[in-house]
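**Q** Here you go, one structure.
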Amino acid sequence: MQSIPLGINQQLGTSPGATPTLPSLGGTEGTDVLGMPLGRPEAAGIGPQPAARVTCTAGHGQDHPAGPCKKNRMSQPILKAVVEDKEKFSSLGRIKKMLKGQGTFDGEENAVLYQNYKEKALDIDSDEESEPQEQKLDDKVVFHYKPLRSTWSQLSVVKKNGLSEAISQEERKRQEAIFEVISSEHSYLLSLEILIRMFKNSRELSLTMTKTESHHLFSNITDVYEASKKFFEELEARHQNNIFIEDISDIVARHAGSTFDPYVKYCTNEVYQQRTLQRLLATNPAFKEVLSRIESHEDCRNLPMISFLILPMQRVTRLPLLMDTICQKTPKDSAKYENCKQALKEVSKLVRLCNEGARKMERTEMMYTINSQLEFKIKPFPLVSSSRWLVKRGELTAYVEDTGLFSKRTSKQQVYFFLFNDVLIITKKKSEESYNVTEYSLREQLLVLPCDGEEPGPGSSPGKSPAGMLHSGRSSASHLFRLVLLSNHAGDRVEMLLGAETQSDRARWIRALGQDSDGQHTDRTTLAQVETIRTYTAKQADELSLQVADVVLVYQKVNDGWYEGERLRDGQRGWFPSECAREITCRATLDKNMERMGRLLGLETNV
């Protein structure tokens with residue numbers, strides 16, 4: 093696919109050093125908010141973009157067309173950057189002076205949406221020296237190649253004038269890291285514009301739902317867009333002023349400290365957003381039909397609306413990683429390094445506020461919902477509290493030993509646990525939305541113990557282990573553990589033999605009920621690390637949501653395919669399917685990840 097090389101502002105009719113102007117959300121017909129042409133397949137792209145690592149050299153050179161134009165492609169002139177012999181530059185200062193006014197994304201078509209943009213900063217061991225290599229692909233499949241994104245070294249003015257060779261390798265890597273903040277914000281802003289123009293502002297879609305539902309669905313996304321627009325414009329202005337950017341830390345710190353406040357509100361409303369979308373898809377055929385039609389529009393590139401809605405959460409969590417990469421590549425004895433550390437601190441604080449807002453809203457909603465579903469057959473317990481949240485819930489099998497005059501008999505019954513951060517409530521399930529409370533105990537009064545022989549074999553004899561209570565037949569819930577309530581609601585000591593459906597369920601309940609705090613004492617440098625290869629959304633309170641490229645420290649592995657881990661970027665801990673991740677084996681990468689975790693979380697490491 094043909095690509096247009098970047099031109100210099102004078103050739104495009106703009107003045108040197110001019111701040112790029114982004115049109116309002118209304119825009120003009122035929123262009124998007126970034127001034128890119130709409131309504132043509134090659135402008136919008138059809139279907140999902142290829143993964144960032146699966147790239148080919150064809151289409152990456154921005155100076156040469158990679159192939160013939162498509163039939164429906166409008167004829168456009170090739171914009172040539174000003175070229176002068178490298179010998180004419182007597183010093184790096186003269187190069188910098190000449191390059192003022194260079195537009196960052198002038199003439200860039202086929203811009204990558206943020207859903208398909210993968211920052212190199214997410215790969216701690218990415219090799220900036222490597223160029224995309226041509227992949228050996230099935231010759232029966234027709235591929236259209238195009239650059240997934242621009243890097244600083246691939247800018248036409250940089251390539252034509254040999255600027256990469258005019259500076260040190262360390263400075264070039266730093267320029268790449270800085271430029272990635274700008275280019276990824278450009279991609280993100282484009283995706284937000286599509287979300288607002290195609291979905292939020294769609295009259296047809298708005299007619300299928302109430303104003304309240306629309307508000308819950310889109311929240312303050314327009315404010316988020318405006319904040320991103322201001323941020324990008326300031327970054328772009330600095331890059332246009334000089335292609336060699338001295339620093340962007342002041343811009344990042346200032347916007348993270350004030351301009352990005354709308355992100356906190358948007359993330360806080362996530363629980364309403366997700367619930368509203370699920371309900372509309374399940375109960376509103378008109379909404380579902382219109383939404384499907386919009387998603388199939390070429391401007392949306394066949395991406396679902398949910399992939400657009402979650403972008404603000406994704407973007408805000410990636411900013412610390414981007415700034416941390418710049419920190420790594422900045423001389424530690426310089427003022428720039430201290431400025432970068434301050435910017436990293438500000439964006440990390442923003443992420444923390446967003447996470448706390450989202451968790452608080454979700455926990456509050458959950459507490460009120462559960463409280464309305466509980467019916468106390470014993471002394472009532474005041475459940476709702478701002479300092480209480482759900483840790484885990486679920487059904488278990490309780491085995492009760494009845495002793496007669498001449499024999500012992502074991503019966504079983506289903507119990508449903510609601511485990512909160514400070515109390516365990518034991519119930520019997522009446523329906524999906526109704527539970528009778530039979531017992532409760534403060535969490536500090538719980539003692540959990542694994543059972544020897546919790547996996548009894550066909551030949552195991554009764555009476556030799558707790559599993560013998562199940563007699564010779566295998567139970568559907570044979571993954572056993574013991575729970576002791578040292579003092580329940582009535583002050584009594586209660587011992588329970590419990591069975592879980594799976595090995596991982598048993599491990600998760602033992603972990604949750606036991607208040608295991610080994611994460612505070614474990615040497616993190618000894619833990620295995622995995623990288624997320626596919627997104628996972630937590631379905632239970634003790635699970636961990638993951639984005640592609642997230643790094644997780646693994647505390648526990650269960651044979652049936654579940655890991656317990658700690659997310660590197662924010663220290664959140666939980667369970668996730670092992671199939672969503674692959675293990676990191678490179679020692680250097682493992683060490684660098686621990687160093688990064690130390691910078692992001694302020695942890696002491698032994699690296």
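Okay, so the sequence shown: first residue is 93 according to our numbering, each after it adds one.
Each residue gets a CB set at the ideal place from its N, CA and C atoms; glycine is no exception.
(1) Under 8 Å: do the region 526-545 and the region 572-586 share three or more Cβ pairs, one atom per stretch?
(2) Is DSSP giving PRO506 helix, strand or coil here?
(3) Between PHE512 and the rest of its own chain, which residues show a CB-CB distance below 7 Å, the 5 nearest in sequence each way excluded?
(4) Report the option in LEU638, GLU381, ILE286 whose CA atom is closest to the CA atom of LEU401.
(5) Thinking C-alpha only, which one of GLU338, LEU395, LYS251, THR368 is nearest LEU284?
(6) Going by C-alpha distance, which of GLN465, TRP601, VAL643 is nearest ALA673?
(7) When the distance is taken between beta carbons, is GLY449 closer than 8 Å to CYS359?
(8) Near GLU454, what residues of its chain come up, given a Cβ to Cβ distance below 7 Å and the 5 sequence neighbours on each side ignored?
(9) Just to check my reading of the structure: LEU466 and TYR508 have Cβ atoms closer than 8 Å, yes? What is that Cβ distance to the nearest angstrom?
(10) What's the gap between the Cα of LYS522 and the Cα of ALA633?
(11) Can you find the residues in the same chain that come closer than 7 Å, C-beta to C-beta, to ARG626, ignoring five residues on each side of it along the sequence?
(12) Leaving out the 5 sequence neighbours to the left and right, which residues in its chain are closer than 6 Å to VAL586 when beta-carbon positions are compared?
(13) Taking the C-alpha atoms as reference points, what is the distance between TYR317 and GLN267?
(14) Is it true that the CB of ALA269 sits closer than 8 Å to the CB of LYS437?
(15) Excluding the 5 residues preceding and the 5 following LEU605 in the sequence, name in chain order all residues of the same chain whose CB lies nearer than 6 Å to its CB.
(16) Do GLU656 and ARG603 count as a contact pair if the criterion is CB distance below 8 Å?
(17) Measuring only the C-alpha atoms, how far is ARG665 from VAL476?
(18) If you drop the 5 nearest sequence neighbours on each side, which residues of the same chain put their C-beta closer than 7 Å to that of GLU635?
(19) Measuring alpha carbon to alpha carbon, tell me which of PHE352, VAL529, GLU277 ends up nearest LYS471.
(20) By DSSP, does GLU326 sit in helix, in strand, or in coil?
(21) Measuring only the C-alpha atoms, how far is LEU247 from GLU430?
(22) Can you give the Cα-Cα distance for LYS303 and ILE386, rounded to whole angstroms?
(23) Which residues mark the beginning and the end of the alpha helix (DSSP H) in which TYR358 is found?
(24) Counting only runs that start and end within the region 510-541, where is the beta strand (DSSP E) found for 3 or more residues in a row?
(25) Around the Cβ of PHE510, are there at least 16 other Cβ atoms within 10 angstroms (buried) or fewer (exposed)?
(26) Below 8 Å on the Cβ atoms is my guess for GLU305 versus THR351; work out the distance and round it to an integer in Å.
(27) Leaving out five residues on either side along the sequence, give the residues of the same chain with a beta carbon under 7 Å from the beta carbon of ASP342.
(28) Could you pull the DSSP bridge partners for HIS571 from this structure?
(29) Can you find a heavy atom of the ligand NAD that lies under 7 Å from the Cβ of MET686?
(30) Would you report the Cα separation of ASN334 and ILE462, rounded to the nearest angstrom?
(31) Are LYS210 and GLU272 close, meaning C-beta to C-beta below 8 Å?
(32) Just curious, the beta strand (DSSP E) that ALA348 is in, first and last residue?
(33) Using DSSP with H/G/I as helix, E/B as strand and the rest coil, what is PRO474?
(34) By Cβ distance, which residues of its chain are closer than 6 Å to GLY694, with the 5 residues on each side in sequence left out?
(35) Out of SER311, ARG330, ALA620, ASP662, point me to the one whose CA is closest to THR409's CA.
(36) DSSP three-state call for LEU638: helix, strand or coil?
**A** So, to answer that:
(1) yes
(2) First, the amino acid is wrong: residue 506 is Gln here, not Pro. Note: GLN506 maps to strand in three-state DSSP.
(3) ARG480, TRP481, LEU482, VAL483
(4) ILE286
(5) LEU395
(6) VAL643
(7) In contact: CYS359 and GLY449 (Cβ atoms closer than 8 Å).
(8) VAL363
(9) Wrong, their Cβ atoms sit about 10 Å apart, outside the cutoff.
(10) Taking the CA atoms as reference points, LYS522 sits about 22 Å from ALA633.
(11) VAL640, CYS672
(12) LEU577, ASN580
(13) Rounded to whole angstroms, TYR317 to GLN267 spans 26 Å at the Cα level.
(14) no
(15) Within the same chain, LEU605 has close Cβ partners LEU538, VAL540.
(16) yes
(17) 24 Å
(18) GLY666, TRP667, PHE668
(19) VAL529
(20) Correct three-state label for GLU326: helix.
(21) 29 Å
(22) 19 Å
(23) TYR358 -> alpha helix (DSSP H) spans 353-360.
(24) 515-523, 526-534
(25) buried
(26) GLU305 to THR351, Cβ: 29 Å. No contact.
(27) Cβ within range, chain order: ASN431.
(28) Within the DSSP secondary-structure output, HIS571 pairs in a beta bridge with ALA592.
(29) Among the components modelled here there is no ligand, and therefore nothing to report on the ligand NAD.
(30) Taking the straight line from one Cα to the other gives about 57 Å.
(31) It is not a contact, given that the beta carbons lie outside the stated cut-off.
(32) No beta strand (DSSP E) contains ALA348, which DSSP labels as neither H nor E.
(33) coil
(34) none
(35) Residue ASP662 is the option with its Cα nearest to THR409.
(36) strand
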